[in-house]
Structures are given as structure tokens and as C-alpha cells.
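Sequence positions in the sequence shown follow this note's numbering and run 938 to 1516. Beta carbons are placed, not taken as given, at the ideal position from N, Cα and C, and that holds for glycine. As C-alpha cells, the structure follows; a few thoughts come after it.
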Amino acid sequence: MKDSIRQLIQQALNRLVGEGVLPEGLTPTIQVENTKDKSHGDFASNIAMMLAKPAAMKPRDLAEKIIAALPADEGITKVEIAGPGFLNFFQNSAALAERLEAALADEHLGVRKAGPAQKVVIDLSSPNLAKEMHVGHLRSTIIGDGVGRVLEFLGDEVIRQNHVGDWGTQFGMLLAYLEECPVAAQSELSDLEEFYRAAKKRFDESTEFADRARALVVKLQAGDAECLRLWNRFNDISLSHCQKVYDRLNVRLSPADVRGESAYNDELPGIVDALRDKGLLSESDGAQCVFMDEFKNAEGNPLPVIVQKAGGGYLYATTDLAAMRYRSQVLKADRVLYFVDQRQALHFQMAFEVARRAGFVHPGIQLEHMGFGTMNGADGRPFKTRDGGTVKLIDLLDEAQERAYTLVKGKNADLDEAELRQIARAVGIGAVKYADLSKHRTSDYSFNFEQMLSFEGNTAPYLLYAYTRVASLFRKLGKGVDEIGGQIQLEAEQEQALAAKLAQFGDALNNVGEKGVPHLLCSYLYDLAGLFSSFYEHCPILAADSETRKQSRLRLAALTGRTLKQGLELLGLEPLERM
Ligand code: ARG
């Protein structure tokens, strides 16, 4: 609908240019928004305010001219001027009802991608394998997965890339420890965190051990078979820990999506050579660097992207350049999204620019850093265990599930144990994921079990419960939507409001896909659930006063149920039929 309103406005503007009311050569971005308050219409545009100045007119006067020039459209019943010069569009309920019918008949709920389908690489999760996954990796994993699912639903081809940190000097220390006490090491490897700590302790205490660790890095880099075997074994174990977390989280990541830093090792010398050939490289204190005019520190001194250290070693940025080249040239991505901590923003800005200048990526590629804020504890301070250690993701998920179990059992003592466990999993894991997804990606947020497990407010339990209400309605009826018959008719105010929201599902998903912000889908679903509640309260469904009304309301409920279910699945939550 927004698109067609945009087109109507564009036609009106063209007409006004032809009439000499507007100057030629204007190319405004026409914004059309959904209104909050339906008594002011369904959609609003500020175009008259934007163009008032170039037209040398008062916004309200221009708004009047635009309305007069708008072509007739059967989807719109009237257009009004509001406030300083907004155009408010009222949509036609019959046309809206027809759209909802079409959505109900469509597997994709009538949702289409606004632009052409693309090939999108998503860089997500990407933990360092030397350590256990911790809460810092939760956001990248969950948000990246959510956006990936939405883009897939919109018809994009999504390629997930888990750019794990499987290379670097810490591996020397770990291999030295693995070699030193294979038996102890094996048992400790069930807990990577322990293993890392023990190895680090040896490294700090013994210079002899530290030297051996350094020598092992060199051997590893030179391709020594025994070192590679140990290194592979270590990575396999670490990756299997990650996979357990992904499976628990119901995240679409598998071993096939792993392409770690080490995969680019052979290409790193070529990256440096290519930069040199392009004349982009300069030497600074023996290191090979790229300097770009637009990147300076606070004192105005140029900032380098270092691609090779004085000793010959390559860096994080070098690997990222090789990965960009691979994603552009081999994977043929149209778009690459990096779900990585906001604190790496400058790294990505600079690396993207180097990749473009060096021609490592094709000119049309969209490279976007989807940075995210820090997850803090409930007290707003960095998230730590009571004794100051890092919180392991798996422990956090166990606790969420345990708490959800107690909660659900308290509400539903008569459910059998197996079902209780299943519900506890969906609610507990869902709560952790939803709490993260529903916050704006770039802001920091506090992890709070009480809040995320509440049945009130914008939470997973609330939304999962909202879906079960629709499901139970159809259970009671004993029929599916295909057997209901009739058609949607929008009469009551609550029906209109619910219907208008349902028709916005596609807009919400397109926004999520464009900006990489799943919180928009969360607030959409939260609003939808709220509107369904007031519809449910005010408009009797099974006890409606006529068969046509009953059918219409059931159809609206069915579409709400399918939209909620689809939305929850796109967020990576597990909708339940009852709880
Ligand atoms: N392993 C890195 C870390 O834990 C994140 C990697 C993100 N992806 C990338 N292509 N740089 O900080």
C-alpha cells in the first residue's frame, strides 16, 4: 500500500511540475508512514512540508494542490490535510479486506521483497575458538540469524559465514599445553574455559613453556604435520562446543557454514602484493600499512590499516580483506552484512574502503557493518559471574530453561512432564533470544531474567501465549481456516485496526531486511498481539450474532495466528500450540 501511495504522490508531483506549480528537476524521497492513530487515516506523508520551500508556498497550500492533483485510486477513500501540512490517507476497508484475503490464500502471507532478490552473505557468530563461547557472542549469533531468516523469507539467497577465530598466537599456547599433558588436557577440554586458563597460567609462569608456545606457532604456520593435527583436533572440539550452543538456540548454523580465519591464510601474501601493486601501501616502522586521507585520529594524525607486521605476520584486517574478496569474487555476493560488536565499527569502515580502492570487491557490492551494543548484567555493569568470570552461554541457557520450567509449572500444574519440558525450552530459550532481538541493535542492554520471563510487556512469554490463544480458538472450533468459508468484512473499529496492522507485515519485514534491525519485527508482533487482544475482547467470535460475522472474524483470527507464527519463526522462536 505504501508503495502505491508513493506512486500516486509521484504522479501528482509530476502533474504539478507540468502546471508550473513546482520547479523542474526535484527528486524528493517520498516518505509514507503508517499512522498510529487510525482516526487520522492509515498512512501519512510529509511531502508537502518537504517541498514547500522549493515551491515557495506554505506547506498547507501546497498540500491542497497535491491533493487536487492526486489520481483517483480505489484503495483510498479520502485524503486530508493535518497539522502543519501532513497528507493523511484513509484506505478503503473493502480493498483492505481483499488484500487480507489474498494474504490468507498465500503461503507467503502476501509478503514480497520491495527490491530485487539478492545474494546476501551474513557474517555472524564468529567466536574465537581458543575460548568457550560467552555472552558477547550471543547477540551476533541471534541477531544475524534473525535477519538471515527474514531475508530468506523475502526471497534473498542467504549464505551464512561463521568467520571463527581459529588462527593466531594464542594457539601456540594451547597446543603447547595439549602436547605437554595430553591426558589432563583431554579431560579439561570438556571445559574449554578451564583449559584456556590452565594453559595461560603455564604460559605466564614458565618462560620455557612460553618459548615452546612461540616455537609451536612458527611450526604451525610453516605447516608442520603434527602441529596441524593437534590444532585440528583442538578446533574440532571447540567447534563442537559451539554447535551445541547453536542447536540449543535453534539457530540455523551448521559446520558447513564455518569458514574461519585460517581458510584465508594462503591468500594473505597475495593481498599485500595486490595492495602494493595498486600503490596503496606504505611502510611505517617496518609495518606495511594503508593510509587514507579520511581516517585520522583525534589529533589529526593519519590512522593506518596495518596489513603486515614488521616481523612479517599478518593481521585481523588482512584476513578480513581476503574474506571480502572471496565473498565478492567467489560467492558473488550482492550484499555482505557483518554482525559484529559496535566497537569494531572503525575497523570495518576502514577495511571496506581499502577493499573498494584495491578492487577486491565489485563496485556495486553493499558492505554493511551491522554493529551491536554491549550486553550488560541486570545491574547495568558488564556481564560477569559472581566471582568476576565470564558467563558461559551454555550455563545461561540452562538457567533460563530452569526458570521457565518453574514458571510454566506454576501456571499449569496438570501438564505432563514431557510437555512441560518442551514448553520450558521454548519459553526459556525464546525469552533469552527475544530480549536481545527486541532491543535496538546498536544500544547496550541489560540482561534481566525477571523481565524477559514476564508474561506482560514486550516479551517472548507474552507473544508465545498470544499465539496459543489463537491456536486454542481453532482447537475449540475443531476446524482449520480452509473449512471456515465466508470472507473478511471490516466493520468494528477493532477489526479495522487489526486489519490495518496485518496488512503491514510485509513493510515490517522489508524494514528489518533493509536495516538489519529485528526489533522492528518484535514491536510489530507486540502491537499485533495487542490489537488482537482488543479485537478478541470487543468482537465476539464463536458467539458472533451472524454466521457471516463469525466467519469473517474467524478468518481475521486465522490470519493473525499465521502472521504471529510466521513472525515468531522468523525471529527463531518456537511457537507453541498451548502452554
Ligand atoms: N572473531 C572476532 C571476535 O570475536 C569476530 C569476527 C567478526 N567477523 C569478521 N569478519 N571480522 O571479535
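Here the C-alpha atom of A1355 lies approximately 22 Å from the C-alpha atom of F1392. T1322 and V1328 have their C-alpha atoms some 6 Å from each other.
Apart from sequence neighbours up to five positions away, the residues of its chain that approach L1439 with a beta-carbon distance below 8 Å are L1037, A1040, L1465, L1493, L1496, T1497, T1500, ordered along the chain. Shortest gap from the CB of S1063 to any heavy atom of ligand 1: under 7 Å.
A check of alpha carbon separations from R1294 across L1258, L1274, S1077, L1157 identifies L1258 as the nearest. Look at E1220 here: in three-state DSSP terms it is strand. When DSSP states are grouped into helix, strand and coil, Q1245 belongs to the strand group. When distances are taken from the beta-carbon of A1408 to the heavy atoms of ligand 1, even the shortest one reaches 7 Å or more.
Taking each of A1361, L1357, P1398 in turn and checking the Cα distance to A1372, the smallest one comes out for P1398. Secondary structure of P965 (DSSP, three-state): coil.
In the DSSP secondary-structure assignment, D1060 is bridged to Q1098, Y1275.
Each of E1336, G1365, E1430 was checked against the Cα of G1509, and the nearest Cα belongs to G1365.
Ligand 1 has no heavy atom closer than 7 Å to the beta-carbon of G1105. For S1471, the enclosing alpha helix (DSSP H) covers residues 1456 to 1475. Proximity to A1000 across E1035, V958, A1034, D1010 peaks at V958, based on C-alpha coordinates. The beta carbon of L1075 sits closer than 7 Å to the beta carbons of M1312, L1330, D1373 from its chain, once the five residues preceding and following it are set aside; these are given in chain order.
With a cut-off of 8 Å on Cβ pairs, the region 1059 to 1077 is in contact with the region 1094 to 1102, counting three or more such pairs. For K1015, the uninterrupted beta strand (DSSP E) segment begins and ends at 1013 to 1019. In this structure, L1446 lies near V1087, with their beta-carbon atoms less than 8 Å apart.
By the C-beta density criterion, H1045 is exposed, having fewer than 16 other C-beta atoms within 10 angstroms. Proximity to P1021 across G1310, S982, A1136 peaks at S982, based on C-alpha coordinates.
Going by C-alpha positions, G1092 is about 35 Å away from I1478. At the C-beta level, G1453 and M1261 stay beyond 8 Å of one another. Under the DSSP definition of a beta bridge, L1304 partners with V1273. Between the alpha carbons of Y1473 and G1467 lies a distance of about 10 Å.
Nearest C-alpha to K1138 among Y1404, K1246, Q1107: Q1107. For F1023, the enclosing beta strand (DSSP E) begins and ends at 1023 to 1028. The three-state reading of DSSP puts P1008 in coil, since its state is none of H, G, I, E or B. Contact between L1401 and M1516 holds: CB atoms are separated by about 6 Å, below the 8 Å threshold. CA-CA distance, G1248 to A1224, rounds to 8 Å. Within the same chain, Cβ atoms closer than 7 Å to the Cβ of V1345 are found at L1357, I1360, A1361, V1364, M1516, the five residues on either side in sequence being excluded. The three-state secondary structure of E1290, taken from DSSP, is helix. Between the C-alpha atoms of S1077 and S1199 there is a straight-line separation of about 20 Å. Each residue's CA atom was taken as its position, placing F1469 and A993 some 45 Å apart. Contact annotation: the region 1221 to 1236 does not touch the region 1178 to 1195, with fewer than three C-beta pairs closer than 8 Å.
CA-to-CA, the gap between H1377 and C1459 works out to about 10 Å.
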